[in-house]
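Since the structure comes first, as structure tokens, the remarks are kept for the end.
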Amino acid sequence: MDKIYLIMPERIGQINPDVYGVFSEHIGGVIYDGIWVGEDSEVENVHGFRKFIIDKLREAEVPLIRWPGGNFAETYDWRDGIGDRSKRPTRINWWNYCDGSYEPNIVGTDEFLDFCALCGAKPYLAANLTSTTPLDIRDWIDYVNSPEGTTTMAKLRAENGHPAPYNVRLWGVGNENWVAGGNMTPQFYTNEYRRYATVMENSSKGLELIACGANVDDYNWTKGLCEGIYEHGAPMHGMAVHYYCGSAGDTIGFSTDEWNQLIKQALRMQELIDRHWSVVKAYGMESKAKLCIDEWGCWHQDKSGLATKDHLFEQQSTIRDAVVSALTLNIFNNNCEKIRLASVAQLVNNLHTLFLSLGKDCITTPTYHVFNMFKSHMAGEAFRVIGPDDISASASVKDGEVTLTIANLSPERDYELELDPVGFKVGRNAKISLLGDGDIHAHNTFANPDNVVVKNNNCENFDRTISLIHGGIAAVKFSVN
Ligand code: AHR
Numbered sequence: 000m001d002k003i004y005l006i007m008p009e010r011i012g013q014i015n016p017d018v019y020g021v022f023s024e025h026i027g028g029v030i031y032d033g034i035w036v037g038e039d040s041e042v043e044n045v046h047g048f049r050k051f052i053i054d055k056l057r058e059a060e061v062p063l064i065r066w067p068g069g070n071f072a073e074t075y076d077w078r079d080g081i082g083d084r085s086k087r088p089t090r091i092n093w094w095n096y097c098d099g100s101y102e103p104n105i106v107g108t109d110e111f112l113d114f115c116a117l118c119g120a121k122p123y124l125a126a127n128l129t130s131t132t133p134l135d136i137r138d139w140i141d142y143v144n145s146p147e148g149t150t151t152m153a154k155l156r157a158e159n160g161h162p163a164p165y166n167v168r169l170w171g172v173g174n175e176n177w178v179a180g181g182n183m184t185p186q187f188y189t190n191e192y193r194r195y196a197t198v199m200e201n202s203s204k205g206l207e208l209i210a211c212g213a214n215v216d217d218y219n220w221t222k223g224l225c226e227g228i229y230e231h232g233a234p235m236h237g238m239a240v241h242y243y244c245g246s247a248g249d250t251i252g253f254s255t256d257e258w259n260q261l262i263k264q265a266l267r268m269q270e271l272i273d274r275h276w277s278v279v280k281a282y283g284m285e286s287k288a289k290l291c292i293d294e295w296g297c298w299h300q301d302k303s304g305l306a307t308k309d310h311l312f313e314q315q316s317t318i319r320d321a322v323v324s325a326l327t328l329n330i331f332n333n334n335c336e337k338i339r340l341a342s343v344a345q346l347v348n349n350l351h352t353l354f355l356s357l358g359k360d361c362i363t364t365p366t367y368h369v370f371n372m373f374k375s376h377m378a379g380e381a382f383r384v385i386g387p388d389d390i391s392a393s394a395s396v397k398d399g400e401v402t403l404t405i406a407n408l409s410p411e412r413d414y415e416l417e418l419d420p421v422g423f424k425v426g427r428n429a430k431i432s433l434l435g436d437g438d439i440h441a442h443n444t445f446a447n448p449d450n451v452v453v454k455n456n457n458c459e460n461f462d463r464t465i466s467l468i469h470g471g472i473a474a475v476k477f478s479v480n
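Counting with numbering that gives the first Met the number 0, you get residues 0 to 480 for the letters of the sequence shown.
Written out as structure tokens, the structure is:
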């Protein structure tokens, strides 16, 4: 039997709930066909948004939704998406060159912020730094945040049906400005960032401004950004980093070697966090440049989604993607003192998706279940866990209850695990949730939506052992004695 040591006295920090966020971009089928079906749709909806997704996001207590991009954000004019929907302009979507799609602007600021309220999630808006001006973004902040009846923008918001301010606090300042967001050098971006951030900060109290950080392992970008802010100053409260795992075989029919390749890529998240954080620390910028991993997940290359029409980047999600989700969230928990927030890319009908939908059909993917299984980590105090190779784990304690999440990274080997607590005793009652049955290609479809579902077991005489099948994921909750 292999052991997992739970070293409670070695505290890491508090897990910010916002680490369990999701990303919803105007791309492919994420917004239209995904979350938005329209008020007159036959699909059950609330204010035009798919009720199934709202209910499931509430159940998983997803705390944060990033919008409107992604690359889409860098040519988005927020003014296109307010007021009478029938009069809104149709524009070229940033992704038009990939899929020929146009943006009808049916879902704009008021709709998206309504969706967040329906889901009980906080919004994280991405401001366009490439093709608008700081004044345009000031006006956007004014529109969403100024107190009722004060500014012209606040009055416009009231005319559009929302007199009360939305109080959006989290703002990204640009997206991937090293490529699609203007092809900038870190020095050029940092100069632009300072201009925008200074104007944005003075537009509303208490904003958290997240600078565009690096792609994967571009430590030169992190250095350039930190240097520019360190030397010249500017309000900054976080630094975004993007990391996607690349292709490793067929999305569904991969081999065990390809399983292992993908897991190895996903585990690289730890190295990226360590190295970017070393640069941040070198400039003493730990409080300004906490990591915001606001795009992460698997980016498979083949078209494996369920849509009959072309939803750009839509891919299936198997138990392998769920294991990537679990190990990534475990890494975030185990590094919680460095991480302000994260958002998985993306919410529905796209990369590393939590849902797949088409017309009346909508299903959860194995990745959704991982978010639901891990939710009790949110706001918990993470502590150190040591387990065998091939086992990813993290643990946190909150209100006298421990949440331990484990993923078996092996596609072949089953584990019998014994929990060995250090500095506390494990209570006799435990709730054990398990995902995965040994089929490493398992996934859900419209015809078989519950092929991969969580199995819950309330154990009244917990003997501190857990059997975890290859490719399986467990969440265990028990009280501290
Ligand atoms: O998530 C899809 C795209 O990936 C985003 O628009 C962009 O930020 C990233 O390159």
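Glycine included, C-beta positions come from ideal geometry on N, C-alpha and C. Remember, predicted model here, so these are calculated numbers, not experimental data.
Contact belief for residue i with residue j at Cβ below 8 angstroms, rounded distance in angstroms
i: A473; j: L467; result: 6 angstroms
i: Y229; j: C211; result: With 8 angstroms as the limit, Y229 and C211 do not qualify as a contact, their Cβ atoms being about 17 angstroms apart.
i: N329; j: A392; result: 6 angstroms
i: P234; j: T184; result: That belief does not hold up - the Cβ atoms of P234 and T184 are roughly 22 angstroms apart, past 8 angstroms.
i: V143; j: C244; result: Their Cβ separation, rounded to whole angstroms, is 34 angstroms, which puts V143 and C244 out of contact at 8 angstroms.
i: A344; j: G304; result: Incorrect: roughly 14 angstroms between the Cβ atoms, too far for contact.
Cβ-based neighbour list, residue i, same chain, cut-off 7 angstroms, excluding 5 preceding and 5 following
i: A321; result: P365, T366, H368, V369, L434 and I472
i: R194; result: P133
i: E95; result: As written in the sequence, residue 95 is Asn, which differs from the Glu given in the question. Closer than 7 angstroms at the Cβ level, and outside the excluded window around N95, lie Y101.
i: L206; result: R168, W170, M199 and E200
i: Y165; result: L112, V143 and N144
i: R463; result: E417, L418 and V425
i: E257; result: A247 and G248
Contacting residues, own chain, Cβ-Cβ under 6 angstroms from residue i (five flanking each side not counted)
i: D17; result: P62, L63 and L340
i: G80; result: N104, G107 and T108
i: Y31; result: none
i: A125; result: G68, A72, G171 and N174
i: F486; result: This structure gives no information on residue 486, because the portion of the chain shown stretches from 0 to 480.
i: G119; result: R57
i: R65; result: F22, Y123, D293 and S342
i: N420; result: Note on identity: in this sequence residue 420 is Pro, with Asn being the wrong assignment. L5, listed in sequence order.
i: F373; result: L328 and T404
i: E415; result: M0 and S466
i: N333; result: S393
Opening and closing residue of the beta strand (DSSP E) in which residue i lies
i: T464; result: T464 to L467
i: W177; result: Note, W177: premise wrong, no beta strand (DSSP E); not H, not E.
i: T444; result: First-last for T444: undefined, no H or E at that position.
i: E147; result: From DSSP, E147 is part of no beta strand (DSSP E); its letter is neither H nor E.
i: R339; result: I338 to A344
i: A247; result: Run containing A247: none; DSSP gives neither H nor E here.
i: K430; result: V425 to L434
i: F477; result: I472 to V479
i: N456; result: K454 to C458
i: W103; result: It is Pro, not Trp, that sits at residue 103 in the sequence shown. Looking at the DSSP string, P103 is not in any beta strand (DSSP E), and its letter there is neither H nor E.
Three-way DSSP call (helix, strand, coil) for residue i in this model
i: S375; result: helix
i: P122; result: strand
i: T363; result: strand
i: S395; result: strand
i: A233; result: coil
i: Y75; result: coil
i: L206; result: coil
i: W93; result: coil
i: A196; result: helix
i: N219; result: helix
i: I81; result: coil
i: C115; result: helix
i: P8; result: strand
i: R87; result: coil
i: Q13; result: strand
i: F312; result: coil
i: W298; result: coil
i: A157; result: helix
i: F187; result: helix
i: R383; result: strand
i: E24; result: coil
i: Y31; result: strand
i: H368; result: helix
i: E400; result: strand
i: D438; result: coil
i: Y242; result: strand
Start and end residues, alpha helix (DSSP H) containing residue i
i: K55; result: K50 to E58
i: I262; result: T255 to A281
i: S356; result: Per DSSP, S356 belongs to no alpha helix (DSSP H); it is in the beta strand (DSSP E), F354 to L357.
i: Q331; result: Going by the sequence as given, residue 331 is Phe instead of Gln. Where F331 is concerned, the enclosing alpha helix (DSSP H) stretches over I318 to N333.
Cutoff 8 angstroms; reference residue i; Cβ partners in own chain excluding five residues on either side
i: S254; result: G248
i: N450; result: A441, H442, N443 and T444
i: S478; result: G399, E400, V401, G426 and N428
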